[in-house]
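Before any comments, here is the structure.
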Amino acid sequence: MDFRLTEEQEAFRRAVAGFVEAEILPIAEGVDGRGEFPLAVFRRLGELGYFGLRYPEAFGGVGADMVTYCLASEELARGSLAIAAAWAMQSLMGTHFVFKYGSEELRRRYLVPALRGEKIGTFALTEPGAGSDVAAISTFAERAGDGYVLRGTKTWVTSAPVADFLTVCAKTSKERGMESIALFLVDREMPGVTLGKRIEKLGIRGSETGEVHLEDVQVPPGHLLGGEGGGVEKVGTILSEIRVMTGALSLGVGRAAYEAALRYSRERVAFGKPIGQHQAIAFKLADMLTLLHTSTLLVYHAAWCLDQGRPATREAAMAKLVASEAANTIADEASRIYASYGFAMEYPVQRYFRDARFLLLGGGTSEILRLIIGRDLDRPPILGSA
Ligand SMILES: Cc1cc2nc3c(=O)[nH]c(=O)nc-3n(C[C@H](O)[C@H](O)[C@H](O)COP(=O)(O)OP(=O)(O)OC[C@H]3O[C@@H](n4cnc5c(N)ncnc54)[C@H](O)[C@@H]3O)c2cc1C
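According to my numbering, the sequence shown is numbered sequentially starting from 13.
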C-alpha cells in the first residue's frame, strides 16, 4: 500500500498552490464582496490549461487522472470556493457532454474554446419544481422537422448569467417520462433563450447563479447529445466524478478554515496564554484535523478507485458525504475559535462558513448520498481487490 503522490502529482499540486497564493487569495475577498463573476481569473485558468485537465490533448486538454484533478480542486477551493465552483462547472459538467457525445463540429465550436477559457459552458438540469427528483423535470423537447423545439425553465444554473452555452436536460416523450430525458446543447444566442433572475446567494457569491427560460427554442438535430433518451444514465456516468470533485472542494475549504483557526489559536491570548493552549481549544483543533484527515483519505481513495476503473459509486458518495459535512463542521468550529472575530466580515472565516453550505448541495444532498450508499450495503469495504 502506498499513500504517496507521484512526483508529477506533487509538482502539479505545488504549481496550483503557487497560482492560488499569487492570483486567487489576493482577490478572493473582493470577488465574494462584489458577488461578481471573476472573468479575468477565469480566463487565466483557461490559459494555464486547468479547464482541460480531464480532456485529451487533441482538444487542448491534459489527460490528467482523477487524483490530479482532485488536487486542483482542493487547492483552488482553499483560495476561493466561488472561483473553484466556476472552474469545476467549466472543467466537468459544463463541457463533458459535448466532449462525449458532440460531433467534431460541436467540439470544435464549443469544447475547444471552453477549455481555453474563451467560452463559458454550463449544465442545466434543476427546475423550479425539480431538484433531487430528476423524473419531475418538465422542460420538454418537441420534435419539429429534423430538430427540436425546447420549452421550459431551468434554475440554479451555475454561471448562467455569463454562459455562452448550456447542456440542457429535457424530456422528449410525455409517455416515457424519465426514460425519455435527453441532453441538448443550447447556444445562449439561440432565439428564445433568455436569462431569468440572478440568484443572490449566501455563499460562493462570486460564482454567479441564475434562471434560464427556454421559449420555443429551435435546436438543430446535431445539438441532441447522444440520442433521444438515456439522459439520466449519461449524467449518471459522471456523477461519481462530480461527487469526488465536490469532496475535494470540501477538503480545500476545510483546510483553509483549519489553517486559519490554528494560526489564530497561536496568536490570540486569553487568561495569560495563547487560546490554543487551553485544552478545550486544542481539542477542537484535534477534532478538526482528524475530520480533515478522514475526509482526505476517503476523497483520494475514491479518486483512485475511479482511476483504476474500480466500482466507485458508493465510495464517491461516501467521500462527498463525509468531506462536505466535515468542511461545515470545521468551518463552524473555526468560527467559534475566532469568536466575535469569526462574526466580522473583515476575517475570511465567515466566508468559509458561508461557502461551505454549498458543499452540502452540489453533487447531491446528504440525504440523497445516504440513499445511494444504502443501495450498496452488501459489498464489504475491501481495499485490496475490486
Ligand atoms: C450554488 C448552487 C449551484 C447549483 N448549480 C446547479 C447547476 O449548475 N445545474 C443544475 O442543474 N443544478 C444546480 N444546482 C441545484 C442543485 O443540484 C439542487 O438544488 C439539488 O439537487 C437539490 O435540489 P433542491 O434544492 O430542489 O432540493 P429538493 O430536491 O427539493 O430537496 C429538499 C430536501 O428534501 C430532501 N429529499 C429530497 N428527496 C429525498 C428523498 N428521496 N429522500 C430523503 N430526502 C429527500 C433533500 O435532501 C433536501 O433536504 C445548484 C445549487 C446550488 C445551491
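For every residue, glycine included, the Cβ atom is placed at its ideal position computed from N, Cα and C.
This one's a predicted model, so the numbers in the text were calculated from it and none came from an experiment.
Look up G106 in the DSSP assignment and say whether it is helix, strand or coil. helix
Comparing the CB of W316 with every heavy atom of ligand 1, is any distance shorter than 7 Å? no
Start-to-end residues for the beta strand (DSSP E) that takes in V256: From DSSP, V256 is part of no beta strand (DSSP E) but of the alpha helix (DSSP H) over 243-279.
Determine contact between the segment 326-343 and the segment 253-263, defined as no fewer than three beta-carbon pairs at a distance below 8 Å. yes
Buried or exposed: which applies to L65, given that a residue is buried once 16 or more other Cβ atoms fall within 10 Å of its Cβ? buried
Sorted by chain position, which residues of the same chain lie with C-beta nearer than 6 Å to V74's C-beta, five sequence neighbours on each side aside? G61, G64, L65
Rounded straight-line distance, which links the Cα of I349 to that of S277: 7 Å
My understanding is that V110 touches L162, with C-beta atoms under 8 Å, so please give their C-beta distance in whole angstroms. Wrong, their Cβ atoms sit about 16 Å apart, outside the cutoff.
So what does DSSP say about T18, is it helix, strand or coil? coil
Are there three or more Cβ pairs, one per stretch, closer than 8 Å when the segment 281-292 is compared with the segment 226-239? no
When you measure from the CB of V169 to every non-hydrogen atom of ligand 1, does any distance come out below 7 Å? yes
Start-to-end residues for the beta strand (DSSP E) that takes in T80: Careful: T80 lies outside any beta strand (DSSP E), inside the alpha helix (DSSP H) at 78-91.
Report the rounded CA-to-CA distance for A142 versus A338, giving the unit in angstroms. 27 Å
What span of residues does the beta strand (DSSP E) with R210 cover, start to end? 205-210
DSSP-derived helix/strand/coil call for I193: strand
Which runs of the alpha helix (DSSP H) at least 4 residues long sit entirely within the segment 300-374? Give them in chain order. 325-350, 361-371
A34 versus L57 - alpha carbon distance: 13 Å
Reference F49; option with closest CA among A172, D299, W316: A172
May I have the straight-line CA-CA distance separating G106 from L304, to the nearest angstrom? 29 Å
Any non-hydrogen atom of ligand 1 closer than 7 Å to T221 Cβ: yes
Assuming L127 is part of the alpha helix (DSSP H), what are its boundary residues? 124-127
Nearest to R210 by alpha carbon, out of T167, L118, I132, F365? T167
Do L17 and R25 count as a contact pair if the criterion is CB distance below 8 Å? yes
Proximal residues to N340 (C-beta, below 6 Å), its chain only, five neighbours per side dropped: A368
Assigned secondary structure, K213 (DSSP; H/G/I helix, E/B strand, else coil): coil
On the premise that L123 lies in contact with G129, defined as a C-beta separation below 8 Å, what is that separation, rounded to the nearest angstrom? 12 Å between Cβ atoms; not a contact.
Out of L93, L51, L381, A100, state which residue places its alpha-carbon closest to the alpha-carbon of E41. L93
Own chain partners of A273 with C-beta closer than 6 Å, once the 5 adjacent residues on each side are dropped: A346, I349
Integer-rounded CB distance, given that G215 should sit under 8 Å from F71: About 32 Å; that fails the 8 Å criterion.
In the DSSP assignment, the alpha helix (DSSP H) including E41 goes from what residue to what residue? 37-46
How many angstroms separate the CA atom of A23 from the CA atom of D390? 39 Å
DSSP bridge partner residues for Y160 (one or two, in chain order): R155, V231
Can you tell me where the alpha helix (DSSP H) with V180 in it begins and where it stops? Taken as a continuous stretch (DSSP letters only), V180 belongs to no alpha helix (DSSP H), being part of the beta strand (DSSP E) at 177-183.
From A314, L297, A268, pick the residue whose C-alpha is nearest to that of Y359; which is it? A268
Nearest-angstrom Cβ-Cβ length linking G266 and S307, presumed shorter than 8 Å: 7 Å
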